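Student: Each residue of the sequence shown is one higher than the last, beginning at 120 in the working numbering. Next up is a structure, given as structure tokens.
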Amino acid sequence: MKLSREELKGLMKGKLMKAGLTEEHAETTAEILTWSDERGYHSHGSVRVEYYSERIAKGGITVHPKFEWKETGPCTGTFEGDDGCGYVAAALAMEKAIEMAKKNGAAIVGIRNISHSGSIGYYTEMAAKQDLAAISFCQSDPMAVPYGGTEPYYGTNPISFAAPADDGRIVVFDMATTVQAWGKILDKRSRHENIPDTWAVDEKGKPVTDPNLVNALVPIAGPKGYGLMMMVDVFSGVLLGVPFGKHVSSMYHDLSEGRKLGQMHIVIDPARFVGTEAFKKAVSMTCDELNGMTPVEGFKKVYYPGQGAVERKNQAYADGGIEIVDEICEYLKSDAVHFDRYDHKNRFAD
Ligand code: NAI
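Structure below.
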């Protein structure tokens with residue numbers, strides 16, 4: 120079913136408020152979820168609302184958190200999330216990081232004790248919209264086998280980089296360190312489609328195509344992706360004093376408890392290096408050169424990261440709205456807050 124931006128965001132905001140979030144927090148969360156859905160990142164859009172609503176209703180997301188911002192140095196700070204909504208904490212912490220980077224040239228901001236914060240490219244894009252370069256990365260619940268291992272130990276631990284270019288263009292690189300985000304498997308399940316055999320393994324460590332048989336995800340590029348997911352955990356978990364590695368809370372274990380996740384934002388002012396205009400001009404030149412390259416057979420063009428997402432957004436609106444799975448639309452339009460579906464389930468909500 121196709122929904123307009125206003126309709127989708129309004130439905131999600133209404134549902135989150137019905138579950139107990141304040142209007143301000145529901146507004147921010149619905150905005151970021153819409154950002155994901157309109158870019159085709161359906162794994163991190165409306166598909167999550169029922170789960171969040173159940174967690175909010177059961178007390179696992181503090182609805183009136185005591186957020187605490189502390190500057191620990193001219194370029195460093197911590198943002199205590201008090202088990203509040205991860206989207207709101209991550210966005211507010213990025214606002215602090217932007218302010219600090221504009222003032223002092225750079226900001227390294229650690230966010231502690233938050234719930235899931237969704238598509239982290241949203242936060243790096245916030246900084247790039249203000250002519251800053253940014254990196255963000257965070258923990259997620261253990262569901263990926265380490266290279267050579269048999270048990271899930273790390274999460275899909277995503278990383279995003281963003282850099283501004285001219286003409287309002289922004290390069291937003293935003294990826295899970297697993298071959299696919301868990302949400303992509305969730306999305307395939309909701310669409311009753313199979314997954315490629317390179318995404319995940321079953322209980323015996325064998326590749327699977329049925330999304331219902333997945334036991335663990337696999338890191339991108341073997342030991343290299345495994346190394347990246349480990350260092351994301353070291354820099355956004357160990358460094359911030361929150362649970363790390365296999366001790367990171369499971370998304371679906373106990374919806375009445377806070378997740379206590381960590382996230383790190385790093386923001387850099389290009390004015391302190393090559394200069395803002397020179398930086399944007401060079402990033403633009405890079406994008407133009409990449410776009411201008413002859414693509415290999417079967418490719419439309421060479422895209423820069425994030426370009427396809429913006430094309431998908433523009434196409435969705437040109438085609439009459441964002442395509443949302445009927446089942447999700449029905450839930451969003453129903454009176455139910457949740458269907459008691461996720462609490463005390465395994466890491467794959469089974
Ligand atoms: P993806 O695989 O769809 O895209 C990864 C990156 O590759 C993007 O920057 C995209 O622009 C780029 N890309 C894709 N195709 C391209 C092409 N043809 N040419 C050039 N660049 C291309 O993303 P993934 O890994 O599935 O992640 C989806 C979302 O899930 C992200 O927003 C991520 O932040 C979020 N996520 C959040 C987690 C959390 O715990 N908060 C955990 C894991 C993922």
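Glycine included, C-beta positions come from ideal geometry on N, C-alpha and C. Quick caveat, the model's predicted, so the values are computed rather than measured.
(1) What residues match up with residue 192 in a beta bridge as DSSP calls it?
(2) How big is the Cα-Cα spacing for residue 123 and residue 192?
(3) Applying the 10 Å Cβ sphere with the 16-neighbour rule, what's the burial state of residue 246?
(4) Beta carbon of residue 298, beta carbon of residue 320: below 8 angstroms?
(5) Are the CB atoms of residue 162 and residue 260 nearer to each other than 8 angstroms?
(6) At 4 residues or longer, what runs of the alpha helix (DSSP H) sit wholly inside the region 369-452?
(7) Going by the DSSP bridge assignment, what does residue 121 pair with across the sheet?
(8) Whether or not the region 155-171 and the region 423-442 are in contact is what I'm after, with contact meaning three or more pairs of Cβ atoms, one per stretch, closer than 8 angstroms; do they touch?
(9) Is residue 290 closer than 8 angstroms to residue 422 when the C-beta atoms are compared?
(10) What did DSSP end up calling residue 223 once you bin it into helix, strand or coil?
(11) Compute the beta-carbon to beta-carbon distance between residue 241 and residue 151, rounded to the nearest angstrom, for a pair I have assumed lies under 8 angstroms.
(12) Quick check on the DSSP output: what are the complete beta strand (DSSP E) runs of length 3 or more inside the region 279-309, in order along the chain?
(13) Give the C-beta separation of residue 232 and residue 351 to the nearest angstrom, bearing in mind that I take them to be a contact with Cβ-Cβ under 8 angstroms.
(14) Determine, using beta carbons only, whether residue 357 and residue 467 come nearer to each other than 8 angstroms.
(15) Rounded to the nearest angstrom, what separates residue 139 and residue 374 at their Cα positions?
(16) Should residue 171 go down as buried or exposed, given a rule of 16 or more other Cβ atoms within 10 Å for buried?
(17) Count the other CB atoms, across all protein chains shown, that sit within 10 Å of the CB of residue 235; report buried if there are 16 or more and exposed otherwise.
(18) Flag this pair as yes or no: are the beta carbons of residue 168 and residue 141 separated by less than 8 angstroms?
(19) What does DSSP give as the partner residue(s) for residue 326 in the beta ladder?
(20) Quick check: what's the CA-CA separation for residue 419 versus residue 288?
(21) Please classify residue 174: is it buried, with 16 or more other beta-carbons within 10 angstroms of its beta-carbon, or exposed?
Tutor: On the basis of the coordinates in this document:
(1) Position 73 of the sequence shown, counted from the start, is the residue given in the question as residue 192. Its beta-bridge partners are 195.
(2) Looking up residue 123 in the sequence shown gives position 4. Looking up residue 192 in the sequence shown gives position 73. A straight line joining the alpha-carbon of residue 123 with that of residue 192 spans about 44 angstroms.
(3) Stepping through the sequence shown from its first residue, residue 246 is reached at position 127. Per the 10 Å Cβ criterion, buried.
(4) Sequence index remark: in the sequence shown, residue 298 carries index 179 (1-based). Sequence index remark: in the sequence shown, residue 320 carries index 201 (1-based). No; because the gap between Cβ atoms is not below 8 angstroms, this pair is not in contact.
(5) Here residue 162 refers to the residue found at position 43 of the sequence shown. Here residue 260 refers to the residue found at position 141 of the sequence shown. Cβ atoms of residue 162 and residue 260: not closer than 8 angstroms.
(6) Fully enclosed alpha helix (DSSP H) runs of 4 or longer: 395-411, 426-437 and 445-452.
(7) Taking the first residue of the sequence shown as 1, we reach residue 121 at position 2. In DSSP, residue 121 forms a bridge with 442.
(8) Contact between the region 423-442 and the region 155-171 is present, because at least three Cβ pairs lie under 8 angstroms.
(9) Taking the first residue of the sequence shown as position 1, residue 422 is located at position 303. Taking the first residue of the sequence shown as position 1, residue 290 is located at position 171. Contact flag unset, no.
(10) Here residue 223 corresponds to residue number 104 of the sequence shown, with the count starting at 1. In the structure shown, residue 223 sits in a helix (DSSP, three-state: H, G or I).
(11) By one-based count along the sequence shown, residue 241 stands at place 122. By one-based count along the sequence shown, residue 151 stands at place 32. Residue 151 and residue 241 do touch by the CB rule: their CB atoms are close to 5 angstroms apart, below 8 angstroms.
(12) The qualifying runs are 289-294.
(13) One-based indexing of the sequence shown puts residue 232 at position 113. One-based indexing of the sequence shown puts residue 351 at position 232. Between residue 351 and residue 232 the Cβ distance is about 17 angstroms, and since that is not below 8 angstroms, they are no contact.
(14) Taking the sequence shown and counting its residues from 1, one reaches residue 357 at position 238. Taking the sequence shown and counting its residues from 1, one reaches residue 467 at position 348. Their beta carbons are not under 8 angstroms apart, which means residue 357 does not touch residue 467 by this criterion.
(15) The sequence position of residue 139 within the sequence shown is 20, counting from 1. The sequence position of residue 374 within the sequence shown is 255, counting from 1. Each residue's alpha carbon lies about 14 angstroms from the other.
(16) Numbered from 1 along the sequence shown, position 52 holds the residue referred to as residue 171. Residue 171 is classed as buried because its beta carbon has at least 16 other beta carbons within 10 Å across all chains shown.
(17) Within the sequence shown, numbered from 1, the residue matching residue 235 stands at position 116. So residue 235 ends up on the buried side.
(18) Looking up residue 168 in the sequence shown gives position 49. Looking up residue 141 in the sequence shown gives position 22. Contact check for residue 168 against residue 141 fails: the beta carbons are separated by 8 angstroms or more.
(19) To locate residue 326, count along the sequence shown from 1; it is residue 207. In the DSSP output, where bridge partners are listed per residue, residue 326 has 320.
(20) Within the sequence shown, numbered from 1, the residue matching residue 419 stands at position 300. Within the sequence shown, numbered from 1, the residue matching residue 288 stands at position 169. Straight-line measurement puts the Cα of residue 288 at about 19 angstroms from the Cα of residue 419.
(21) Position 55 of the sequence shown, counted from the first residue, corresponds to residue 174. Buried.
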